[in-house]
Each structure stands twice: as structure tokens, then as C-alpha cells.
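> Quick one: this structure, given as C-alpha cells, is what I'll be asking you about.
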């Protein structure tokens, strides 16, 4: 299941809520980076266009937006990011921040969906969001933007050298991860907490390591708690289609037990 | 596409070829680990049951098998590993080693499939196999075994804290990655170099971080260059089905250009 969607709720919750929580000092390897480097910028979160109820799973989320330009981004990535930020000025698009979230003491928030949260406390203290677990430039560099009118989420993605499958190309699992993350974001923005029930990917061409691609996702249909979404991955010039995918997400009920 | 399959060829090539290449000293962050710790064991490679032509993509592969027990493995992982090693004693099963491969100087071997290898030289020098790119215990801990008679590959997998999606559970992309890697191995062992054309995953239940699951994959049908494979992910006691997947792989032709 695209469990990233749940983590991304934290992102969306931040979009709605007041920003300003400073990053904590990095005391151990599990802590998030606090020296973002010369290319990293902190931006104030703005109210989003979330229709669901994307409440945060944690009261102590680390607010270090990792979806902002950093020195590892190449020119294509920066240009696309700037283009979408410009589109966001009139409110038609929204930039969605992304965090290497860390769960600390309070697990109250997650008990609704995770009744065994007490047992997970130790795990959560070490856990990191998978697509953000590799260091800057080595893994998944990405930023997402959502268009609420069209129910579309776009992800600009640059895959680093630690995502290799065949020599010089992205691993299929890395591609699936970004597809999952993008579709999940699109679903969560639309209806709130939802999880992937199925994911069908057609791999058409290999994606070279270090290149930038654009993932376009959209909600095709909603039937009760079911959301049908699709996406494609294209080159920056839109001429090459690398992959296509369809998926089914299910909106979670607050009474749903995940374990 | 499940490009892991190509990387896994290196594994299989080692199974067939003579072992004994010592790990290189770790001079930079890109180098593989050379201090495997008390739980890491080096095993001599044995002749495998590979029917394809799984030639290595590099003449200078680092031979550090990462599919062997290490201190991060929990009891379930160790027990399962030992069970499959025991099954391997009569030759019906084969343990498949796995490497955080590093490409160094020679790219001759990969020119057959990657004509632009020259341009990729820099990328390859930094690249790491995606499922092996996180440090010991934090990401993908896994070992695979293949049964040549039944065309089946089994992967025992323990997901670390950096693979999180929803709090306390594996990210859907991490699950997809291991499915892709296992199916890819099964395909490559059967016919040699092959790549994923499509991957369809049904997520049935969330997988808790740190738990051990078993991925059972098999070749269902072969039609010319097409291979149809399927797999499921179950708990160690086999009572819980976490995910099911089907896939289509295509055997590569030596004349196939990937770019």
C-alpha cells in the first residue's frame, strides 16, 4: 500500500497549520539534518487547498522542508521548481512541503488508526520516511505541487546514484516508490487519509540516473471510499513516456484498525 | 522496470564463477563496507543452477555478500536463513548472494546493453544497488534462495526503520522494491538478462517495521521472450498474506538498446 500517503498527511497538515517550529539539533544519526547548506531555503508554509481531514500523526513533527532546492539539484530540477512556484503565485497550484518526519514522545495522535501505537513507540523513535531516508543528492530528490481544481498532483523528481538498478538507470523499485508517493499525495489531498489498495505499473523505458522526470497524477474517479487514480512519468520536454500507472486507494475510516 | 534483475545478474555470475576477490578498503563514502562485524560471514560461492547467461556487467565487482546474517537480523530472520541454508545442502535450493556493487574502470562488459556507457562512467562510479544503499539494519535486510526445479525464488526480508510509510509500517514503495527485486531474480535465474515490463501489486495488509516476511515468487508461464511471474508476501507463520503481485518480464536481446 502506498503508506507514504499517510506520512504525507503531515506535509498537508503543515500546509494548513501555523509554521514556525524550528528544526531540532542533530544529536544522533537518527536526527534530521540541521545544516541545510547554501542551497537550502526555509519557506513559510501557506494555507493549502486540502478538502480531506489530513491531521498530523504526530505533535512533534520536525519542520525541515526537504522539497526545496539544494545543491544537488541540477538545472532542469531548478527550472521546473521555479516554474511551478510561479504557477503557485495565483493560488491555482500549491507547493507541498515534505519532511523526514520523526516521531518523538507523543503517539496520541496516531492511536486512532494505529491501536498498537504503544508497542511501536521504540520503532517510531528511529523511523524515517522512506523516500527521505537517503542523504541529500544520493537518493530521492523531489518536490510536489497540487492543483485542487483539477485534482492533479505533479512531482518533479531527480533520482540519485543510490537508486540504481541496471547500470546507469533507476531501479524499478525506486520508480514504484515515487509513483506510490505521488499518487498517495494526490489521494490524500483529495479526501484525507487513504491507503493504496492496488498499484499497476507499466514500465516503458528506463530512466537514467541523475535525470529529471515529471510525474503527473490525477484522481480519475471516486466511488464511496474508493479512489481511482492514474499517473505517467515523462521527460522534462514531455516527449518521452517512461512509465504509466493506475491505482486504487481506499479512504480510511477512523475506526479502521491497521493491525 | 525491475532493473534490479540486471544487477542481480552480478550475483548470479558470482555463483557460477570463482570466488576469492577480496573486498577493497573503504576509502570514501561510496565504498562498500569492509568491516562486516561479528555477525557477518564470508561464504565461498558455489556453482549455481543458472540456465540463462547471467554475465557480470563489471569486471571489478566488489565481492562482499550482504545477504548473510548480521547483528541487525532478528531471530525470525536467522531461523529462516538457517532453514533455507539447510535445504540448500542437497542442492535443491541455492542461496543467492547479493552485493552493493561498484563499477570502477571497465565498462566494456556493459556496452552490449548500454551503448552510452561512456557517458555513464561518472554516474556508475558513484552508483549503488538501490536495495543495498541503506546502512546495515536501517533499510532492506534480505536473503534470497532459488529452487531451480520449481522455478521459484524465495526472499526472506526484514524491513528497517528507514523504510517507513505510515507510522510503524513499511512504505508501499519499499514493499514494491522487494517484490520487484525478488521477481527480477526469479526471472533472471530462469532466462538470463530480463527486465520488468509491468508490475501489478495488491496490498492487503500493512507490514510492521522490523518484522520479517517471506516473499514467494515463481515463473508461471514463458512465451518466447515473455515471462509471466507472480509472488505473494506472507508472515513467517504463513497465516497472514500481506501482498500479492503479478508481473511481466521481457528477456533482453543482446542487440537491445536501453537508451
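Protein chains in written order, with the UniProt record's numbering: chain A, 1 to 259; chain B, 1 to 259.
Glycine is no exception: its CB is placed at the ideal position from the N, C-alpha and C atoms.
Being a predicted model, the structure only gives us computed values, none of them experimental.
What three-state label does DSSP hand residue 183 of chain A in the structure shown?
In this structure, DSSP gives residue 183 of chain A a helical state, which the three-state scheme calls helix.
> In angstroms, rounded to a whole number, what distance separates the CA positions of residue 155 of chain B and residue 98 of chain B?
12 angstroms
> Between the stretch 132-163 of chain A and chain B, which residues of the former have CB atoms less than 8 angstroms from a CB of the latter, in chain order?
Those residues of the stretch 132-163 of chain A that come within reach of chain B (Cβ to Cβ, closer than 8 angstroms) are 133, 134, 138, 139, 161, 162 and 163.
> Taking the straight line between their C-alpha atoms, what separation do you get for residue 168 of chain B and residue 217 of chain B?
26 angstroms
> Output, in sequence order along the chain, the residues in the stretch 71-82 of chain B whose CB is closer than 8 angstroms to any CB in chain C.
Among the chains of the structure shown, chain C does not appear; the protein chains present are A and B.
> Checking 9 angstroms against the spacing of the C-beta atoms, do residue 93 of chain B and residue 130 of chain B come in under that value?
no
> Could you please give me the residues that DSSP links to residue 169 of chain B through a beta bridge?
For residue 169 of chain B, which the question treats as bridged, DSSP gives the partners B/208.
> Using a cut-off of 8 angstroms between C-beta atoms, extract the partners of residue 230 of chain B located in chain A.
Within chain A, no residue comes near residue 230 of chain B; the closest Cβ sits about 14 angstroms away, beyond 8 angstroms.
> Please name the residue, chosen from B/221, B/244, B/228 and B/220, that lies closest to residue 234 of chain B on a Cα-to-Cα basis.
B/244
> Counting pairs of Cβ atoms below 8 angstroms between the stretch 137-153 of chain A and the stretch 72-88 of chain A, do you hit three or more?
Between the stretch 137-153 of chain A and the stretch 72-88 of chain A, the count of Cβ pairs shorter than 8 angstroms is three or higher; the stretches touch.
> In three-state DSSP terms, what is residue 201 of chain B?
strand
> Would you identify the three-state DSSP class for residue 127 of chain A, choosing helix, strand or coil?
It is coil, neither helix nor strand.
> Restricting to Cα atoms, I'd like to know which of A/158, A/125, A/212 and A/246 is closest to residue 201 of chain A.
A/246
> Quick one: measure Cβ to Cβ for residue 158 of chain B and residue 73 of chain B, integer angstroms, because I've assumed they're closer than 8 angstroms.
6 angstroms
> Please identify the residue among A/152, A/178, A/69 and A/215 whose C-alpha is closest to the C-alpha of residue 241 of chain A.
A/215
> When you compare the CB positions of residue 174 of chain B and residue 177 of chain A, do they come within less than 9 angstroms of one another, or not?
Contact: yes.
> Based on the DSSP output, what are the partners of residue 159 of chain A in its beta bridges?
Paired residue(s): A/140.
> Output needed for residue 239 of chain A: all residues of its chain with C-beta closer than 8 angstroms, excluding positions within five of it in sequence on either side, in chain order.
Once the five neighbours on either side are set aside, residue 239 of chain A has no close Cβ partner at all.
> So, under 8 angstroms CB-CB, residue 161 of chain B and residue 209 of chain B are touching, yes? Tell me the CB distance rounded to an integer number of Å.
About 6 angstroms separates the Cβ atoms of residue 161 of chain B and residue 209 of chain B, confirming a contact at the 8 angstroms cut-off.
> What residue range does the alpha helix (DSSP H) around residue 225 of chain A cover?
Here residue 225 of chain A belongs to no alpha helix (DSSP H), and DSSP marks it neither H nor E.
> Can you tell me where the beta strand (DSSP E) with residue 244 of chain B in it begins and where it stops?
241-251
> Would you identify the three-state DSSP class for residue 213 of chain B, choosing helix, strand or coil?
strand
> Considering only DSSP beta bridges, list what residue 96 of chain B is partnered with.
B/144
> Could you work out which residues of chain A lie near residue 202 of chain B, taking near to mean beta carbons separated by less than 8 angstroms?
What residue 202 of chain B touches in chain A: 197 and 198.
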